[in-house]
Amino acid sequence: MCGRFVDPNLRGTDLEHSEIKIDPIPRRFNVKPTQEVLLLAKPQLEPHYARWWFVPSWHKGELRDWKATTFNARIEDAASKPTFRAVWRHGRCLIPAAGYYEWTGEKGAKQPHFIRSAGNEETLWFAGLASRWGELLTCTIMTRAANAEVSDVHHRMPVILNSDEQDAWLGGSDCTNLGAGAMLRHHPVARFGIKEDSPELIEPFE
């Protein structure tokens with residue numbers, strides 16, 4: 129799964145200098161579900177901000193009435209789930225991140241780990257699905273079985289796409305093995321609270 133992640137460093141990239149028609153937000157090191165996150169969606173990979181907790185377009189009632197835990201979606205079965213199947217083909221998006229957190233250990237003494245790219249590119253590209261509920265854009269991060277790089281930390285991981293897989297995902301691929309070859313590394317970090325947010329959160333902790 130992926131329940132916390134770190135905003136990407138977009139300084140010096142095309143995204144930093146693009147004419148994004150939305151208000152920029154400061155970089156965060158403890159992004160939580162229900163917060164706004166940056167995503168890129170077709171047709172021109174336009175950047176948008178979306179609420180990270182998917183709400184399907186057909187939901188009736190108030191936002192608070194949507195009780196399902198939908199900040200993540202399993203790539204293995206999302207196409208057949210009533211919540212996601214309407215956007216499986218036409219709601220594809222990419223969600224950039226600098227890394228994400230997972231926890232190990234017993235409840236009350238869990239050890240956080242920061243997981244990041246082990247390759248040349250710093251930014252991880254999560255596969256996502258986006259849905260417009262009324263005037264609100266919402267999204268979810270796809271997950272898959274963990275590969276050998278991170279299986280010692282958690283049995284699930286985000287679907288992290290290389291450049292070829294990004295094209296396949298956005299093009300509507302039904303392959304459920306995307307992201308299997310993601311090159312990742314991880315290290316323990318100091319325990320932190322839900323409201324803490326600073327670059328120190330991702331520093332190695334012994």
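In my numbering, the protein residues as written are 129 to 334. Each residue gets a CB set at the ideal place from its N, CA and C atoms; glycine is no exception.
Asked                                                                                              : Found
C-alpha distance - Gln163 paired with Ser245, whole-angstrom precision                             : 23 Å
Secondary structure, beta strand (DSSP E): runs of 3+ residues fully inside the stretch 134 to 211 : 164 to 169, 174 to 180 and 200 to 202
Enclosing beta strand (DSSP E) for Glu230 [first to last residue]                                  : Gly227 to Thr232
Distance between His187 and Trp194 (C-alpha atoms, nearest Å)                                      : 7 Å
CB-CB length for His315 against His241, believed under 8 Å                                         : 7 Å
Within 9 Å, strictly: CB atoms of Val317 and Tyr228                                                : no
Cβ pair Pro184, Val215 closer than 9 Å                                                             : yes
Length of the line joining the Cα atoms of Glu234 and Phe320                                       : 16 Å
Buried or exposed (CB count within 10 angstroms, at least 16 for buried), Met270                   : buried
Ile322 in three-state terms, based on DSSP                                                         : coil
Backbone secondary structure at Ala296 - three-state DSSP                                          : helix
Anticipated Cβ contact below 8 Å, Trp253 with Pro224, distance rounded                             : 6 Å
8 Å Cβ shell around Ala207 - same chain, five flanking residues per side excluded                  : Arg213, Trp216 and Asp302
Buried versus exposed, by CB contacts within 10 Å (16 or more), Arg192                             : exposed
Helix, strand or coil at Leu306 [DSSP, three-state]                                                : coil
Under the three-state DSSP convention, the category Pro316 falls into                              : strand
Alpha-carbon spacing of Thr304 relative to Phe199, whole angstroms                                 : 18 Å
Reference Pro154; option with closest CA among Ser326, Arg313 and Met311                           : Ser326
Opposing strand residues paired with Ile330 [DSSP bridges]                                         : DSSP lists no partner for Ile330.
Inter-residue spacing [alpha-carbon to alpha-carbon] between Gly256 and Gln239                     : 27 Å
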